[in-house]
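For reference, the structure discussed in these notes is given below.
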Amino acid sequence: MHVLGIDIGGTGIKGAPVDTDSGTLLDERFRVLTPQPATPEAIADCVAEVVSHFNWADRIACGFPAVVKKGVVYTAANIDHSWIGTDAKSLFEEKSRCKAVIINDADAAGLAEMQFGAGRGRDGLVLMTTFGTGIGTALFYDGQLIPNTELGHIEIRGKDAERRATDRVRIEKDLSWKQWAKRVDEYLDRLEKLLWPDLIIIGGGASKHAAKFIPRLTVQAEVVPAQMLNEAGIVGAALAVLSPKLH
Ligand code: BGC
149 MHVLGIDIGG TGIKGAPVDT DSGTLLDERF RVLTPQPATP EAIADCVAEV
199 VSHFNWADRI ACGFPAVVKK GVVYTAANID HSWIGTDAKS LFEEKSRCKA
249 VIINDADAAG LAEMQFGAGR GRDGLVLMTT FGTGIGTALF YDGQLIPNTE
299 LGHIEIRGKD AERRATDRVR IEKDLSWKQW AKRVDEYLDR LEKLLWPDLI
349 IIGGGASKHA AKFIPRLTVQ AEVVPAQMLN EAGIVGAALA VLSPKLH
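So in the working numbering, the last one in the sequence shown is 395, and the numbering has no gaps at all.
Written out as structure tokens, the structure reads:
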């Protein structure tokens, strides 16, 4: 199946047509900056822009940086608060004139990694964490996604973990890889004590620098970098179309 996958992030909105059988992009990615404030109207306009860039008239699937159930948005950590309670599916369908599927962005990235990347063929408990503008998580047991886990918001040293260990914090505070790895390690260690995953996949913007921080991590679980880099969110959103129970 061919689906236009769109990854809606706190910083950029990227899309490309995806072949869901092979997990490959059928065209160059197209990217627009996430508008500020990131209101429903403004983001829906960007989605429509991506759709018209590809002259797309078929199904679209979006990874979205919030809890999403049946197309409705429930949280808004890095997007405008007016998203809470918004029916994103109806809004995107109206603006783009395409049938839309919306799921959490980290869940989307996780689906792609489990099918075509670092989690391929892996059973047991797999935890995917994405370090970008926020911290996203996706949890799989024997390959089955447990959707909408929001483990980026557990409390560490009295703060939302996301305020301490995102890639954005690393850049804003000009942390060295060693300093940042310590924060990530403390975060993963806490998650490990709660969930005991067999495998942790690290994705998001920082994953392309995996060699600079993964060797410094002390968690017991095997930790590997995501393999699909900035394509995971696009490919995974498209894959969600194949799992009707997820949306
Ligand atoms: C949101 C999650 C999202 C993550 C990554 C967090 O702030 O609460 O839903 O998956 O950022 O974008």
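Note that CB positions come from ideal geometry on N, CA and C, so glycine has one too. As the structure is a computational prediction, the values presented were derived from the model and not from experiment.
Report, in whole angstroms, the separation of the C-beta atoms of residue i and residue j, which I expect to be a contact under 8 angstroms.
| i | j | result |
| --- | --- | --- |
| Gly-300 | Pro-213 | Not confirmed; about 10 angstroms, so no contact. |
| Ile-154 | Gly-163 | 4 angstroms |
| Ile-304 | Arg-316 | In fact, because the Cβ distance is near 16 angstroms, the residues do not count as touching under 8 angstroms. |
| Thr-223 | Ala-254 | 12 angstroms between Cβ atoms; not a contact. |
| Leu-173 | Ile-382 | 7 angstroms |
Rounding to the nearest angstrom, what Cα-Cα distance links residue i and residue j in this structure?
| i | j | result |
| --- | --- | --- |
| Arg-245 | Gln-368 | 48 angstroms |
| Glu-320 | Gly-291 | 35 angstroms |
| Ala-190 | Pro-183 | 6 angstroms |
| Thr-366 | Asn-378 | 26 angstroms |
| Asp-228 | Asp-333 | 30 angstroms |
| Leu-259 | Thr-297 | 14 angstroms |
| Thr-281 | Met-149 | 31 angstroms |
| Asp-235 | Gly-219 | 6 angstroms |
| Lys-217 | Ile-251 | 7 angstroms |
| Asp-346 | Glu-261 | 15 angstroms |
| Lys-307 | Asp-206 | 43 angstroms |
| Gly-211 | Gly-384 | 8 angstroms |
| Thr-314 | Asp-322 | 12 angstroms |
| Ala-257 | Leu-387 | 10 angstroms |
| Phe-264 | Met-376 | 8 angstroms |
| Phe-178 | Val-166 | 13 angstroms |
| Lys-360 | Trp-325 | 6 angstroms |
| Asp-337 | Gly-171 | 32 angstroms |
| Ile-302 | Ser-200 | 39 angstroms |
| Lys-330 | Glu-241 | 43 angstroms |
| Glu-340 | Pro-392 | 30 angstroms |
| Leu-273 | Leu-293 | 10 angstroms |
| Phe-279 | Ile-362 | 13 angstroms |
| Gly-269 | His-357 | 24 angstroms |
| Thr-168 | Val-371 | 26 angstroms |
| Val-389 | Ile-283 | 24 angstroms |
| Leu-342 | Tyr-335 | 11 angstroms |
| Tyr-289 | Val-215 | 19 angstroms |
| Ser-355 | Thr-277 | 10 angstroms |
| Gly-233 | Pro-188 | 11 angstroms |
| Lys-237 | Gln-327 | 40 angstroms |
| Arg-420 | Asp-271 | With the chain covering only 149 through 395, there is no way to say anything about residue 420. |
| Pro-295 | Val-221 | 13 angstroms |
| Arg-364 | Phe-202 | 42 angstroms |
| Glu-176 | Cys-194 | 17 angstroms |
| Ile-156 | Asn-226 | 11 angstroms |
Is there a Cβ of chain C sitting closer than 7 angstroms to that of residue i, yes or no?
| i | result |
| --- | --- |
| Thr-187 | The structure shown has no chain C; it contains just one protein chain. |
Looking at residue i: is its Cβ nearer than 7 angstroms to the Cβ of residue j?
| i | j | result |
| --- | --- | --- |
| Trp-231 | Leu-152 | no |
| Ala-374 | Ala-266 | yes |
| Leu-287 | Ile-348 | no |
| Ala-309 | Leu-239 | no |
| Gly-351 | Ala-380 | yes |
| Val-249 | His-395 | yes |
| Ala-186 | Lys-243 | no |
Unbroken stretches of the beta strand (DSSP E), 3 residues or longer, contained in the stretch 160-196:
Here the runs fully enclosed are 160-167, 178-181.
At 3 residues or longer, what runs of the beta strand (DSSP E) sit wholly inside the stretch 351-387?
Runs of beta strand (DSSP E) with 3 or more residues, each lying fully within the stretch 351-387, are found at 370-373, listed in chain order.
Pick out the complete beta strand (DSSP E) segments inside the stretch 186-248, 3 residues or longer, and give them in chain order.
208-212
Ranges of the alpha helix (DSSP H) found wholly within the stretch 263-322, counting only runs of at least 4:
310-313, 315-320
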